[in-house]
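In terms of full-length UniProt numbering, the sequence shown is residues 1 to 499.
Every residue gets a Cβ at the ideal spot worked out from N, C-alpha and C, and that includes glycine.
Predicted model only: the values in this text are computed from it and were never measured.
What follows is a short report on a single structure.
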Amino acid sequence: MASSSTASRSPASSQGPPRGHQRSGLSAQSSHNVPQGQGQNQGQGQGQGQVPTTSLQQDMAFWLARVKEWYPKLQERTYFLPPVYMNTTGEQAVQIFGTEVFIKRLPADNVPKGVPDVLFNSTVKEDKSQQKVLKALHEVSKDGKEVMFVLSQLNFKDYLPSHSSSATPRLPTPRDLKSQNKDQGDFDVLVLHKHLGVLVGEIKSVGDNFQELGFSEQKQEQEIKKKVKQALKQLDKALDVLTHLTKDQQPLPRILKTLILPSISQEQLQQVLNNDPPLKDDVCKCLDLPITSDPVPYCLTSDDVTEPDNWWKQRMAANGLDPAMNDSVYLDLVSRFCGPATTVSVFCSSEPRLGHRPDVRTEGEGVSETGHRFTRFMVTPTQLTVLHVSPPFVFLVGPPGVGKTFVLILKALDWVGKGEHVLVLSTAEKSEASSCMIYQQLEQTVVDPAAKSRIHLEYVELESDQNEGQDAAHDAVTSIVKNAQQGYLNIIVDEAPWK
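See the structure below:
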């Protein structure tokens, strides 16, 4: 087996990222808004087993202290939570020759015969849409003038879950709305702005594959209408939930809504609404606009992804400052939505179980989680086939970093594990380092001394002048034959000459 790899990754073990924070003995004083009749000193008559009346104030002071620790410039800049978006592409952890690797499950892996792949790309579409929206909001915040927290894909159940704090039963939570069937769902995008109030957005991934599907204009319009109607219902639900969660604030902070269609142009949306006046009226009503208004500028479309200033001015800045959003209310909302009692997580398809979402709330944790994922060993379905069913000679070709050297190491471990000899052969000066690395990695990974003795390393210079090259080739063949006398010999060549 040979490879023309120019970069390699050794299967070294790596530490995972920190998973959230443990509560310390930190305390702080705070001027939070506490719901009337809650958290007040009730004096005598407190029954045994009841939560102390001061716990709400103490817990909220603790939340604020942690928020200030995690986001030291929370009153000066924008923070994104989670700080990095992780794609929701599925992965499966498997053991290959004693080494844990991850197989990426592509959207087309489970496509039935005869059905277009694009119909099964909903996860990829949603990832792309979310990234477009976050890119637009990063663009809004790049001048440093906006002071806000941007939360993406915050699940209702992650907001002040019942086990997170003794204070949560005293604060409004989505669980209170279970009887209205509003306790399940999420906020695609939630913006807590220090001066302009709260903005909630619903993202619909529609339009980016119309051409691939061969949709007619009529079919395209039907799909856009369907998604818009869905989004309006979800925005109304999100408003009800947010209104409930902030009802203890006096006065209530302003809550605005926006429809997000990152793959639909303003022209397309305008045409759809013009052709369906009742739907246009519904959009105006949902966005709290006069019926005679044009709602399109208040929606984030594909035209706004790279230049979102006009959309931001229309939807947020044009309303002026929110008089209810003073420092106390802003810090209180940030403490609740972004503090330790609320889970801020990213998608993870593999550890410790499918769908687990590790807590990632600071930029440092985002870097750590990203590094953790990049150091995991990934193989594609094609590489898996090469490992398990391969002809006597295989030449791996591809750009740097796609896992060619890693495949060589896995196959070498397979051979050694079967009791066969493996020769790591360096054929040129440029391959000496990678060949040595492969050999050392095999030596470190294989524990059994008898198995270690079946791993060999040879250096041969085949790229010298003609006579020297012939001599080197002869020496290489002699060495190979000598090693082969001990049994069937398998040869691994990295950085092989492409001739």
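Proximal residues to residue i (C-beta, below 8 Å), its chain only, five neighbours per side dropped
i	result
isoleucine 224	Val206, Gly207, Leu261, Ile264, Gln268, Leu269 and Val272
proline 308	Ala136, Leu137, Glu139, Val140 and Leu300
proline 116	Reliability fails at proline 116, whose pLDDT of 44 lies under 50, so the model's placement of it is uncertain and no value is given.
lysine 482	none
Where residue i sits in the DSSP three-state scheme
i	result
lysine 257	strand
threonine 370	helix
glutamine 75	coil
glycine 214	coil
phenylalanine 156	helix
serine 265	coil
glutamate 91	strand
aspartate 322	coil
asparagine 181	coil
asparagine 274	helix
aspartate 494	coil
aspartate 359	strand
threonine 99	strand
valine 241	helix
lysine 142	coil
serine 302	helix
8 Å contact criterion, which residue i and residue j should meet: CB distance rounded
i	j	result
proline 169	lysine 247	Actually they are not in contact, since the Cβ atoms of proline 169 and lysine 247 sit about 15 Å apart, beyond 8 Å.
phenylalanine 156	leucine 410	Incorrect: roughly 43 Å between the Cβ atoms, too far for contact.
asparagine 87	aspartate 59	Not really, about 35 Å apart at Cβ, beyond 8 Å.
phenylalanine 80	leucine 134	7 Å
leucine 256	valine 228	Contact flag wrong, Cβ pair sits at about 18 Å.
proline 290	lysine 280	Proline 290 to lysine 280, Cβ: 12 Å. No contact.
valine 191	glutamate 76	At roughly 17 Å, the Cβ-Cβ gap does not stay under 8 Å, so valine 191 and glutamate 76 are not in contact.
valine 189	proline 253	That pair is no contact at about 17 Å.
valine 346	glutamate 369	6 Å
Delimiting residues of the beta strand (DSSP E) encompassing residue i
i	result
tyrosine 459	455-459
glutamate 438	According to the sequence provided, residue 438 is isoleucine. The question's glutamate does not apply to it. No beta strand (DSSP E) holds isoleucine 438; the alpha helix (DSSP H) holding it covers 432-445.
glutamate 69	Unbroken run through glutamate 69 is the alpha helix (DSSP H), 55-70; no beta strand (DSSP E).
valine 424	421-426
leucine 190	186-193
leucine 199	197-203
Distance between residue j and residue i (C-alpha atoms, nearest Å)
i	j	result
leucine 177	glutamine 234	15 Å
proline 297	glutamine 130	20 Å
tyrosine 85	glycine 144	21 Å
glutamine 485	proline 83	58 Å
leucine 242	asparagine 181	15 Å
proline 449	leucine 442	12 Å
glutamate 69	alanine 61	12 Å
phenylalanine 149	arginine 315	17 Å
isoleucine 480	alanine 451	18 Å
alanine 412	leucine 457	12 Å
proline 392	aspartate 414	14 Å
valine 460	glutamate 429	8 Å
lysine 219	lysine 226	11 Å
glutamine 444	glutamate 420	18 Å
asparagine 319	asparagine 209	35 Å
arginine 19	isoleucine 491	The pLDDT assigned to arginine 19 is 33, lower than 50, so where the model puts this residue is not dependable; a value taken from the coordinates is nonetheless given after this. Using only the alpha carbons, I get a separation of about 42 Å.
phenylalanine 377	cysteine 348	15 Å
asparagine 274	phenylalanine 215	20 Å
cysteine 436	valine 424	8 Å
isoleucine 455	histidine 372	30 Å
leucine 462	serine 426	9 Å
glutamine 222	aspartate 282	16 Å
glutamine 95	aspartate 322	56 Å
threonine 380	glycine 366	25 Å
Own chain partners of residue i with C-beta closer than 7 Å, once the 5 adjacent residues on each side are dropped
i	result
aspartate 236	Cys286
leucine 384	Ile103
valine 67	Leu74, Val334, Ser335, Cys338 and Gly339
phenylalanine 187	Leu151, Leu154, Val200 and Ala238
leucine 160	Thr168, Leu171, Thr173, Arg336, Ala341 and Thr342
serine 431	Asp494 and Glu495
glutamate 363	Pro83
glutamine 266	Val296, Thr301 and Asp303
alanine 231	Glu202, Lys204 and Leu259
alanine 473	Leu462
Range of the contiguous alpha helix (DSSP H) that encloses residue i
i	result
valine 147	That residue, valine 147, is in no alpha helix (DSSP H); it is neither H nor E in DSSP.
phenylalanine 406	404-417
asparagine 310	309-315
arginine 175	Per DSSP, arginine 175 belongs to no alpha helix (DSSP H) and is neither H nor E.
serine 335	327-338
lysine 452	449-452
threonine 382	381-388
Cutoff 6 Å; reference residue i; Cβ partners in own chain excluding five residues on either side
i	result
tyrosine 71	Tyr79
alanine 476	Val460
lysine 132	Pro262 and Val305
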